[in-house]
Each structure stands twice: as C-alpha cells, then as structure tokens.
Amino acid sequence: MRVFTGYRTNLFLSSLKSRGFTGSIKRALDKRDYARRGLPTHVEIEITNRCNLSCPYCAASRDLISDKGRDMKLEEFTKIISDIVSEERYSPTIQLAFRGEPLLNKDATAMIGYARKKGLFVVISTNGLLIDEEAARKIVASGLNHIVISADGATKETYEAMRRGGRFEKLLKAIELLVGEKRRTGSVWPFIEMQCVIMRKTESEISDFRKLAARLGADGVKFKTYKLTCLGRQDKAAADLEGYLPKDAGYSRYKKENGRLVPKERAVRCSWGHDCLIYSDGDMGPCCGDYDKRHVAGNVLQENFWNIWTSDVAKSLRRKAGSRSLDICEGCS
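Take 558 as the starting number for the sequence shown in my numbering and just add one per residue.
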C-alpha cells in the first residue's frame, strides 16, 4: 500500500485528524493572518538538546552538535511564552521538539500545562520511551494537544536496529499506558500519532506498522521520507547515510546526479521564512536544518522575544531561509 509522504500533505492530514475540519480551517486562516502581520506562523522550542537514544541516522546523535547537554528551565520557558502571547490576537502552534528528547526535561509537562493555559495548541515529538504510568497521567492532565511518537519499525529487530538504545517492548508498553490513561479519563487530548520514517529497513513494514498502531489504539499514523540532515555538508554526510535511503525510489527524496545525491524536488520558497526556532539556551535560529547553530538572530532569554523577531538580523535570516539562500539550505528538499 502506497502512503502519503509529501511534507505539506502530511502536515495537512495530521492537522485534519488532530484538530478536525473546523480546527484545521481556523489554523490555515490564522497562519495566513500571522504571515500577513509579520508574526511567526509556527514556533518550535527545543526544551532540551539531550537524547536517551543514539540513532545512527540522526544528526543529534552524530558529530553535528557542539552545545549538547542543556535543558531549558521552567522559568525560562514561561518567560518566552509570556513574551509570545503578549501580542494581541496571536495564538500560534507551539512544538516542543528539535534536537533532543523533550520528556528528558523534568519540567516538560509543567511547560505544556503553562502553554495550554495561555491558550496555545501544543505538540511534542518524542520517542516515547520515558512514558511510564506517572508520565502518562501527567501528559494527559497537562492538556497536551498532540503527541507524535517516533517508532521507526513494526518489529523488534527493525526498531532496535534503527532506534539504538531503545527497547521495542518498552515502546509498546508506553503507548498502551498513554492510550489507557486517555481512555480512563475520557480525555479528547492528546491526539496520539505514531510516526515511521521510511528507510531501507522500514519500507517493507508499512502495512505492519499501520496494523501495530491500530492494535495499540493510536489515533493516527504518519509516514515520512528520510531526510539527510545537514546535506549541505555533502559528501561525507551523504556517503555515511546513503545506506539508510529506501530502495524504492518512490519513497526517496533524492536522486543521484553526477555522483552526488540531490533532492528530486525543491520548492522555491520555504515555510521557515515565516516560522521560528528557539534553541534550549534561548538562541533564535532560522530553521530546523541548522543543527549546530551557524545562524543566530539573538537570545530570547536576554531580550524580549519580539525585539529579536523584528530585528534586522532576524528579518534578514528569515528572508534568506524563505528563499533557500543560506548555506544550510544547500541540498535541502
């Protein structure tokens, strides 16, 4: 069975399933309004850059991060959110994710709860392995809207080869606990989505992954094509990671051209021209492709969020990110 793998298609389908039709239309209209007003259409906040896994295909597990080992403090997070919501008629989606595992931050559910009380739609992306009974209770009680659980593989062999340091049985138990707590409390939230990146080892397990998600009681499932993170550093990064690309060309973002991997499709504009990324130490960056912080507009813990967002430096970085003219944009699909 073929699956939807396009970024925008997946984004829309996830929104449709988690927010419903009315919520998705409102989100689309809000994003248009925010872009028109020069406000971030999406805010991604990295609440930790630590991870409990060492997946070989992830930039965070390799040699691309020089500032490892920092958790954002609760008071730092509340300062950022308070700044953001000070703008009138503004309520963006907040995603707590980037280079680390968000649930490693001991204050993760308190952060979610604070953002929800401020009226924000909150999403986290997690490997799920830290979800025990207590964590499941806290997550549901926090009001979290959407949780994406990265589970690359439908079998123990595949999953543990891809997610190094993870245990398949622990993952399944975590999802069961979260689903069970949601049902026990009768809560609508969070929307529980299991995600699989289609790679060479996982491309044969698409159907089985769907069945696994249904058996566990997940609300949705999403498949993504594998992205060679920091492909702008070609050649070594591509050479190291090419073996993870699926054999089925229909599931690959890339093609070989003059001996190099290049994206099969490349949009002229990028959504990061309107979006915002905040690292765990408060630095504001231009996009999720900047793993080692080559480009920083300022620090939102030292200044007001909006002072930095409206600065000439930040505007310049967004223009370049939007037109794909930063050095980190090379090869990005």
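The beta-carbon is built from N, C-alpha and C at its ideal position, and this holds for glycine as well.
Comparing alpha-carbon positions, the option among Tyr848, Glu658 and Cys753 lying closest to Ile885 turns out to be Tyr848.
Lys625 sits close to Asn606, with the two beta carbons spaced by under 8 Å. Within the same chain, Leu773 come within 7 Å of Leu729 by CB-CB distance, once the 5 residues on both sides are set aside. For Asp628, the three-state secondary structure derived from DSSP is strand. Taken in chain order, the whole beta strand (DSSP E) runs of length 3 or more contained in the region 812-837 are 817-820 and 833-835.
Comparing alpha-carbon positions, the option among Met719, Cys753, Tyr783 and Lys758 lying closest to Ala770 turns out to be Cys753. As DSSP reads the structure, Thr715 sits in no beta bridge. Non-local beta-carbon contacts of Asp838 in its own chain, meaning distances under 6 Å to residues more than five positions away in sequence, involve Arg627 in chain order. Here DSSP, grouped into helix, strand and coil, assigns Ile681 to strand. DSSP places Cys886 in the helix class (H, G or I) of the three-state scheme. Within the same chain, Cβ atoms closer than 6 Å to the Cβ of Met629 are found at Ile604 and Ser837, the five residues on either side in sequence being excluded. In summary, Gly685 is buried, with 16 or more beta-carbon neighbours lying within 10 Å of its beta-carbon over all protein chains present. In the three-state DSSP reduction, Ile637 falls in the helix class (H, G or I). Spanning the alpha carbons of Ser648 and Glu814 requires a straight line of approximately 43 Å.
Under a 10 Å Cβ-count criterion, Gly657 is classified as buried, with 16 or more other Cβ atoms of the shown protein chains found around its own Cβ. About 6 Å separates the beta carbons of Lys739 and Val697, which is inside the 8 Å limit, making them a contact pair.
For Asn606, the secondary structure class from DSSP, reduced to helix, strand or coil, is coil.
For Leu631, same chain residues with a beta-carbon under 7 Å away, outside a window of 5 residues either side, are Asp664, Ala667 and Met668 in chain order. Here DSSP, grouped into helix, strand and coil, assigns Ser707 to strand.
The beta-bridge partner set that DSSP reports for Asp840 consists of Asn856. Between the region 842-856 and the region 630-646 there are fewer than three C-beta pairs closer than 8 Å, too few to call the two in contact.
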